[in-house]
Ligand SMILES: [Zn+2]
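Numbering (this note's numbering), first residue to last: 761 to 1040.
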């Protein structure tokens, strides 16, 4: 099911924070902290607009929750469940234990049951599906770290939507000294490793290594693990996409950036906790 995404804007006035919905500016709330204001706005949305679990996307970047550098990534808010040929897209079968796609992506095009409704959507184990107009807006066609492939919709090759395949995404890393108690995963069968932090554990869900990032002038590049990549974008591009209102259900996330002394690669991280996690 598609979930509603509410665009919101925040500002700080003196010692108070206020938040409002962009399309319903009368729905606004204030608080001593941003969290308090957001919580009140959530209650108002439930009462006035009937969405009990509202998801907010702020059009202006939130103040960094912690210290240190971060980058923005764009991702789809919804998953696309209409891929009908997932089994035919890789040169070997899914991992029987964790369902990770093993092997290389072959030449087969993704086939969808119907046209995607959003400009960016994530998929299960594949890359993201992006509308051509968003890809063009981001100049993704010029990014040599991704391959854009056409998608077959209802049996016809579509010129409107593309699959984003990352060639070598800059990988997520582990924050030294922090245990991802809920979000760490190491499949002993296929060796897939991933890590994600809860808000009480670290400032960001994911981290990348500063020394893996491209020249700051590069405004679009992939980050992530395996085929499940996110599209990192410059602050300016992120603002343009989220503010524009012409791209549907595109959300942004902040990914922390760690210096050499602050991170471990996932291989290094998991070798330290060899006994702690098993695939379930
Ligand atoms: Zn596995």
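For each residue, glycine too, the CB sits at the ideal point set by N, CA and C.
At a cut-off of 6 Å, would you count residue 857 as near ligand 1, judging by its Cβ distance to the nearest heavy atom?
The answer is yes for residue 857.
Going by the C-beta, is residue 845 closer than 6 Å to any heavy atom of ligand 1?
Answer for residue 845: no, Cβ out of range of ligand 1.
Taking only three categories from DSSP, how would you classify residue 896?
Residue 896: helix per DSSP, three-state reduction.
For the 8 Å Cβ check, are there 3 or more pairs between the region 954–967 and the region 1007–1016?
With a cut-off of 8 Å, the region 1007–1016 and the region 954–967 count as touching, because enough Cβ pairs lie within range.
Which residue comes first and which comes last in the alpha helix (DSSP H) that contains residue 1029?
Start and end: 1026–1032.
Please indicate yes or no: does the CB of residue 947 lie closer than 6 Å to some heavy atom of ligand 1?
Correct: residue 947 has its Cβ closer than 6 Å to ligand 1.
Based on DSSP bridge pairs, tell me the residues matched to residue 838.
According to DSSP, which records beta bridges pairwise, residue 838 is partnered with 881.
Do you know offhand how far residue 914's Cα is from residue 873's?
Those two C-alpha atoms are separated by around 6 Å.
Go through its chain and collect everything with a Cβ distance to residue 1004's Cβ below 7 Å, but skip five positions before and after it.
Correct list: empty, nothing qualifies.
Residue 996 lies in the alpha helix (DSSP H); which residues open and close that run?
Start and end: 995–1004.
Exposed or buried, what is residue 773 when buried is set at 16 or more other beta-carbons lying within 10 Å of its beta-carbon?
Residue 773 should be labelled exposed.
Run the proximity test for residue 860: is its beta-carbon closer than 6 Å to any non-hydrogen atom belonging to ligand 1?
Result yes, Cβ under 6 Å from ligand 1.
Measuring only the C-alpha atoms, how far is residue 1041 from residue 892?
With the chain running from 761 to 1040 in the structure shown, residue 1041 is simply not present.
Beta-carbon within less than 8 Å of residue 919's beta-carbon, same chain only, minus the 5 sequence neighbours each way: which residues are those?
Once the five neighbours on either side are set aside, the close Cβ partners of residue 919 are 892, 910.
Kindly indicate which residue of 987, 897, 925 has the alpha-carbon position closest to the one of residue 1007.
It is 897.
Give a yes or no on whether the C-beta atoms belonging to residue 866 and residue 950 are separated by under 7 Å.
Cβ distance not < 7 Å, so residue 866 and residue 950 don't count as in contact.
For residue 902, which of helix, strand or coil comes out of DSSP?
In this structure, residue 902 counts as helix in the three-state DSSP scheme.
Hey, is residue 950 close to ligand 1, as in C-beta under 6 Å from one of its heavy atoms?
Yes.
Identify the continuous alpha helix (DSSP H) that holds residue 926 and give its terminal residues.
It is not in any alpha helix (DSSP H) - residue 926 instead sits in the beta strand (DSSP E) that spans 916–926.
Any chance the region 876–894 sits against the region 835–849, with 3 or more Cβ pairs inside 8 Å?
At 8 Å Cβ cutoff, the stretches touch.
Please classify residue 798: does DSSP put it in a helix, a strand, or coil?
Residue 798 falls in the helix class under three-state DSSP.
Determine, using beta carbons only, whether residue 843 and residue 883 come nearer to each other than 7 Å.
Against a cut-off of 7 Å, the Cβ pair of residue 883 and residue 843 comes out as a contact.
List the DSSP bridge partners of residue 1014.
Bridge partners of residue 1014: 832.
Go ahead and pull the three-state DSSP assignment for residue 812.
Of the three classes helix, strand and coil, the one that applies to residue 812 here is coil, per DSSP.
Specify, as a first and last residue, the run of the beta strand (DSSP E) that residue 791 falls within.
Counting along the chain, the beta strand (DSSP E) containing residue 791 begins and ends at 788–791.
In angstroms, rounded to a whole number, what distance separates the CA positions of residue 813 and residue 770?
Distance between the alpha carbons of residue 813 and residue 770 is about 19 Å.
Return the bridge partner residues of residue 1007 from the DSSP annotation.
None; residue 1007 has no bridge partner.
As a quick exercise: from 929, 810, 862, pick the residue whose alpha carbon is nearest that of residue 982.
Ranking the options by Cα distance to residue 982, first place goes to 929.
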